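Participant: Please read through the structure below; I'll follow up with questions.
Protein chains: 2
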Amino acid sequence: MENKIPYKTYLNENEIPKQWYNLRADMKNKPAPLLNPGTLKPMTAEELSGVFCSELVKQELDNDTAYFDIPEEIQNFYKMYRPSPLVRAYCLENALGTPAKIYYKFEGNNTSGSHKLNSAIAQAYYAKKQGLKGVTTETGAGQWGTALSMACSYFGLDCRVYMVKVSYEQKPFRREVMRTYGASVTPSPSDTTNVGRKILAEHPGTTGSLGCAISEAVEAATSNEGYRYVLGSVLNQVLLHQSIIGLESKAAFEKIGVKPDVIIGCAGGGSNLGGLIAPFMGEKLRGENDYRIIAVEPASCPSFTRGKYAYDFCDTGMVCPLAKMYTLGSGFIPSPNHAGGLRYHGMSSTLSQLYDDKLMEAVSVEQTAVFEAATQFARVEGILPAPESSHAIRVAIDEALKCKETGEEKTIFFGLTGTGYFDMVAYQKYNDGEMTDYIPSDDDLAVGFAGLPKVDL
Amino acid sequence: MENKIPYKTYLNENEIPKQWYNLRADMKNKPAPLLNPGTLKPMTAEELSGVFCSELVKQELDNDTAYFDIPEEIQNFYKMYRPSPLVRAYCLENALGTPAKIYYKFEGNNTSGSHKLNSAIAQAYYAKKQGLKGVTTETGAGQWGTALSMACSYFGLDCRVYMVKVSYEQKPFRREVMRTYGASVTPSPSDTTNVGRKILAEHPGTTGSLGCAISEAVEAATSNEGYRYVLGSVLNQVLLHQSIIGLESKAAFEKIGVKPDVIIGCAGGGSNLGGLIAPFMGEKLRGENDYRIIAVEPASCPSFTRGKYAYDFCDTGMVCPLAKMYTLGSGFIPSPNHAGGLRYHGMSSTLSQLYDDKLMEAVSVEQTAVFEAATQFARVEGILPAPESSHAIRVAIDEALKCKETGEEKTIFFGLTGTGYFDMVAYQKYNDGEMTDYIPSDDDLAVGFAGLPKVDL
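Laid out in C-alpha cells, this is it:
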C-alpha cells in the first residue's frame, strides 16, 4: 500500500529557498533595540561593527526588509546538507494511537548534528567576505561550536571556540570534532582573557557558564586584529538565517497539500524556534492564516514562563549590549542536574516581543518527562533525538494524546533540531533511573532578577 | 548557476527498490557452501535452522533466485531512513583539482550511523515472523549492535548483544544507545556462557575479539528457547539485504544519466562492499556492462591482499560452520593500534569467490593515510566519516588524483558507509599526531594461517 503522503518529503535542490525571510518586517511591534550598556542608547551600526561583521550588523538592525538574498556561496554550502526532510511520523502516530497527524522537520542530518549550521555558514561567509582572519565564539553543549568549526574550515577562517569548562571536560568528543575541523578550543573560564582571569579569581572552582564564555569570546574578538565575534542564537541575524528551516517546511507542506494546525519548537535562545515559525508567524501577522504556536522550555530554565520582560545583560561579564527579552537575569544559573541544553538565561528579543504580544504560547516541561518522550520517539521513529529537541517531542506527544481523547484530527508540526549522539551521559542517567527533576523556587529566581540592570526608557 | 547534476540525488519513496538482488544467481562459480565442522559436509537447512531463522536459512542457501521480495513491513521501515542520498562530491573534486567526477552513496544518516540497519531490520523481521522471543549477536565497534537494537525495538523483540570488551569499555556511548533501544549489552568474553568462561580461564586479561563474541552469541542463541543468532556481515543473507544500497545507487545514477567507471568500497566482512556492488557486478557477470571494482581493506588486517583462500572457522570458539573465504586465520588478531574497524579475520564467501575469479581488485591502505583522507573529506564535504568508510575515501581520492595526472574524466563512485561520531578517540589520536601504522610481518600472519583447519574436499 502506498501512502498518499510519503514518510519524508524532500524539496528538490532548486526548490531550496534562495532568500531568508525577516520576520521583523511584518511585526507591528518591533523587537526592542540593543542598548549600549554605557549610554543606554540604542547601539549604532558603527558601535556594533567592532564586535560583529558589517553585513551581519546590517541584518541585525534591519526591521523592515522582508527578504534577504542568500549569497550563492551559502546556497552551495546549503546544498551539501539541505534540503532537510519534512517527516510524517506515521510510526509515532501508530504507537500513540492518535488520530492526529504528526510531522517534524529534521535538522540533525549533518555533522554538527543540529540546525546551528544554517547560521554558522552565513556568519562565516560574511566574515570571509569582509577579509577577516577569523572569528571567536562560545559553545555550551558543543553543537554551535561544531557548526562554526565546519563553516570556518570550509571558508579557510581561523575559529576560536570558548567552551564551557564542564562541557569541555564531559564532552571530549565534541571537542575533538571541532579540532578535526581545525578549530582551537579553550575551556572557559580561561586565563587567556581579562574577564576569564577575573572570573577565575572570584570563583576559583567554577565550571563555567554560557554567559561567561560569551564574555571571553567577545573580548578575544575585540582585542585581536582581524577577528569578530559570532553568536549562534538570540540575535535577530541568527533568526533570519534560521528562517530557512521554516521556509523549507512551508514549501514542503505546500507540496503535499497540508497545513499544520499546531507548530511546536523548543526554545533556549530562540534560534530554532524563530527559524521554524518564521514564515508561519509571518502569515499570522499579516492576517493570512492562523496557527497555534507553542514554545517549549525546560522547567529548570523557564525564561518565557517565569521570567521577566526586561532589559538585561546578555553575558556574565556584562561586556555585551543590553537586550530586552524574557529573562531570568544574567546571574541565573540552572541547577547542575539540568541535562537538556536550553540553559541560556534569556530569549531572543524578537520572540520575546511576539510572546508579549500573545502571538504564541509557551509551556515548560520537566526533564524526566522529556527523556521519556525522547526514548519513546527514538524507538519508533529510529532517530535518537537531542535533549533540546526532545522538549518539542514531549509537547507534540502531549498534544497528540489530547487529540486521542477528543478525537480531533489535528495536524501537529514540530522542529526536530538535532541528534543526541553526544548526549549519552544524560541518556545513561535516564536509562539508569538516576535522572531527577528540578524546578527553581521563587527564591532561586529572585537571585537572578536582583541582578537585572535598572533601565528606564 | 544551477548544476546540471544536483549535489544530492534522492529517489522518490515509491522508487525505493521493492526486491533485493541476489548476486549469487548470476555467478558461474557459486560461493563455496558452509560446512558442518564435525562432518565437513555442507550444512543442511535443518542444521542451520538451529542457529538462524528459517527464512534467513533459505536466503542463505539459495544460489539461484535472483530477486527476493522485500516484505512490506521492511519496506515501511526502510522508508523511515531511506532512500539514502547519492551525493556528487563537487567540493571534494574542487579541493583536489581533479577532472574526475566523484560520487558517493551515504548510508550514515540513521541513528545506527551506518548501512548495518538495512540487514538488521530484515533479520529482526524474520525472527518476529517466526514467533521468536529474541535474537543474540556480537558487536565490535557497535554499529551492528546499535542497528540490531533499533530493529528489535521496532518489532518488540528481545535483543542480547555481546560487545567486545575493549569496545564496551572504550565506547560507553555506543553501549548507551543500545540500552536506550532496550537491548541488553554484555561485555565479551563474559561468564554468562561456557565458551566465555573457557576463554576467560585461558586468557584472564583478554580484552576480547569479534570471533570470541560471536562464539558467545551463538551459544546464547542455541541454549535459550525461542532465540536465534543473527550476524551483521560475511553471510550471503546479509549481502542480499545490503543489495538495497547498490540497487538504489544504480537507480539514482540512471535518473541522472551517469554510469560509474570505478566502484570502490571498504571491506571488512563484506556487508557494505557486497551490497554496494551487487547490481553492478550482476551486469558485469551477465556481460552487459563493465566496471572496475575495488575492495579496500586495512593494511593491518589484509584478508584479501595477503590472506589465503581456504575453509576456516568463522569464530574463535569454533562453534560456527566453516566457511571458504579469503582469511588470515581465526587466530589472527589485529594489532591493538588498529583503529579503523574492518578487523574481521575473514571475508564473505561470495566476495571471496568473485575476487578469486578476478572480477574485482583489492588494495590495502595504512591507517594514518586513511585518517588523512577522512579529515580532508570532512572539511570540504561536511560529513565526518567513519574510519571504516574512510578506507574507501582514501582510494577514491587516490584514483581522483591519478585522473588529475592523466587528465582523464573518470566517474568514481564509492560507498560512504557511515559516520564517525563514536570514533572520536581514534580521531583524537590522529589530531594529536599519535597515530601510527602497523603492517603485520609474514611471521605474524603465519600464526593465523597455522590455525586453519585441514579440510580436503
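Chains C and E supply the protein sequences, listed in that same order. Each residue of the first sequence is one higher than the one before, starting from 1 at the first, in the working numbering. Each residue of the second sequence is one higher than the one before, starting from 1 at the first, in the working numbering. Even glycine gets a Cβ: it sits at the ideal position worked out from N, Cα and C. Note that the coordinates shown come from a computational prediction; the quantities given were computed from them, not determined experimentally.
Which partner residues does residue 414/C have in the DSSP bridge list?
Facilitator: The partner list for residue 414/C (beta bridge, DSSP) reads 104/C, 264/C.
Participant: Which of helix, strand or coil does DSSP assign to residue 419/E?
Facilitator: It is a strand residue.
Participant: Suppose the cutoff is 6 Å on Cβ atoms and the five residues either side in sequence are ignored; what does the same chain contact list for residue 96/E look like?
Facilitator: Result list for residue 96/E: 400, in chain order.
Participant: Quick check on the DSSP output: what are the complete alpha helix (DSSP H) runs of length 4 or more inside the segment 369 to 444 of chain E, in order along the chain?
Facilitator: Here the runs fully enclosed are 387 to 406, 424 to 431.
Participant: Give me the Cβ distance between residue 134/E and residue 174/E, rounded to the nearest whole Å; I'm assuming they're in contact under 8 Å.
Facilitator: With 8 Å as the limit, residue 134/E and residue 174/E do not qualify as a contact, their Cβ atoms being about 20 Å apart.
Participant: Do you know whose CA, among 79/C, 45/C, 42/C, 88/C, lies nearest residue 396/C's CA?
Facilitator: Cα-wise, what sits closest to residue 396/C is 88/C.
Participant: Per DSSP, residue 250/E forms a beta bridge with which residues?
Facilitator: None; residue 250/E has no bridge partner.
Participant: Quick check: what's the CA-CA separation for residue 104/E versus residue 414/E?
Facilitator: When rounded, the distance between both Cα atoms is 5 Å.
Participant: Specify, as a first and last residue, the run of the beta strand (DSSP E) that residue 19/C falls within.
Facilitator: Where residue 19/C is concerned, the enclosing beta strand (DSSP E) stretches over 19 to 21.
Participant: List in chain order: all unbroken alpha helix (DSSP H) runs of 4+ residues lying wholly within the segment 63 to 123 of chain E.
Facilitator: Those alpha helix (DSSP H) runs which fall completely within the segment 63 to 123 of chain E and span 4+ residues are 72 to 81, 90 to 96.
Participant: For residue 379/E and chain C, any beta-carbon pair shorter than 9 Å?
Facilitator: It does: the Cβ of residue 379/E has a partner Cβ on chain C nearer than 9 Å.
Participant: Give me the residue from 179/E, 180/E, 185/E, 219/E with the minimum Cα distance to residue 197/E.
Facilitator: With distances taken between Cα atoms, residue 197/E lies closest to 219/E.
Participant: Give me the Cα-Cα distance between residue 338/C and residue 344/C, rounded to the nearest whole angstrom.
Facilitator: Taking the straight line from one Cα to the other gives about 12 Å.
Participant: So the alpha helix (DSSP H) residue 356/E belongs to, where does it begin and stop?
Facilitator: Per DSSP, residue 356/E belongs to the alpha helix (DSSP H) from 349 to 356.
Participant: By alpha-carbon positions, which one of 12/C, 75/C, 210/C ends up nearest to residue 341/C?
Facilitator: Of the candidates 12/C, 75/C, 210/C, the one whose C-alpha sits nearest the C-alpha of residue 341/C is 210/C.
Participant: Which residues bound the alpha helix (DSSP H) around residue 58/C?
Facilitator: Taken as a continuous stretch (DSSP letters only), the alpha helix (DSSP H) holding residue 58/C covers 54 to 61.
Participant: Along the segment 155 to 179 of chain C, what residues have a CB closer than 9 Å to any CB found in chain E?
Facilitator: The residues in question are 172, 173, 174, 175, 176, 177, 179.
Participant: Could you give the C-beta distance for residue 460/E and residue 363/E, rounded to a whole number, given that I count them as a contact under 8 Å?
Facilitator: Chain E is shown only over 1 to 457; residue 460/E falls outside these bounds and no answer can be derived.
Participant: For residue 230/E, which residues does DSSP report across the bridge?
Facilitator: Answer is none; residue 230/E lacks a bridge partner.
Participant: Quick check on the burial criterion: 16 or more other C-beta atoms within 10 angstroms. Buried or exposed for residue 454/C?
Facilitator: Exposed.
Participant: Under the rule that 16 or more other beta-carbon atoms within 10 Å means buried, what is residue 286/E, buried or exposed?
Facilitator: Burial call: exposed.
Participant: Does the Cβ of residue 205/C have 16 or more other Cβ atoms within 10 Å, making it buried, or fewer, making it exposed?
Facilitator: By the 10 Å Cβ count, residue 205/C comes out exposed.
Participant: Are residue 411/E and residue 258/E close, meaning C-beta to C-beta below 9 Å?
Facilitator: For residue 411/E and residue 258/E, yes; Cβs fall inside 9 Å.
Participant: Go ahead and pull the three-state DSSP assignment for residue 43/C.
Facilitator: Correct three-state label for residue 43/C: coil.
Participant: For residue 294/E, does the three-state DSSP call read helix, strand or coil?
Facilitator: Correct three-state label for residue 294/E: strand.
Participant: Helix, strand or coil, according to DSSP, for residue 305/E in the structure here?
Facilitator: Here residue 305/E sits in helix by DSSP.
Participant: If you count every other CB in all the chains shown that lies within 10 Å of the CB of residue 237/E, and 16 or more means buried, which is it?
Facilitator: Burial call: buried.
Participant: Does residue 349/C pass the burial test, meaning 16 or more other C-beta atoms within 10 Å, or should it be called exposed?
Facilitator: So residue 349/C ends up on the buried side.
Participant: To test your reading of the DSSP string, which unbroken alpha helix (DSSP H) runs of 4 or more residues are found completely within the segment 170 to 230 of chain E?
Facilitator: Complete alpha helix (DSSP H) runs here, min 4: 172 to 180, 194 to 202, 210 to 222.
Participant: In this structure, does DSSP put residue 458/C in helix, strand or coil?
Facilitator: Outside the displayed span of chain C (1 to 457) sits residue 458/C, for which this structure offers no information.
Participant: Whole-angstrom Cβ separation of residue 366/E and residue 437/E, contact assumed at under 8 Å?
Facilitator: About 4 Å separates the two Cβ atoms, so the contact holds.
Participant: Does the count of Cβ pairs from the segment 111 to 120 of chain E and the segment 53 to 68 of chain E closer than 8 Å reach three?
Facilitator: Segments in contact, no.
Participant: Starting from the C-beta of residue 332/C, find all residues in its chain whose C-beta is less than 6 Å away, skip the five residues before and the five after it, and write them out in chain order.
Facilitator: Closer than 6 Å at Cβ, skipping near neighbours: 345, 448.
Participant: Quick check on residue 311/E - is its C-beta less than 9 Å from some C-beta in chain C?
Facilitator: By this cut-off, residue 311/E is not an interface position.
Participant: Flag residue 422/E as yes if its beta-carbon sits less than 9 Å from any beta-carbon of chain C, otherwise no.
Facilitator: Yes, its Cβ sits closer than 9 Å to a Cβ of chain C.
Participant: How big is the Cα-Cα spacing for residue 45/E and residue 384/E?
Facilitator: Roughly 42 Å separates the two Cα atoms.
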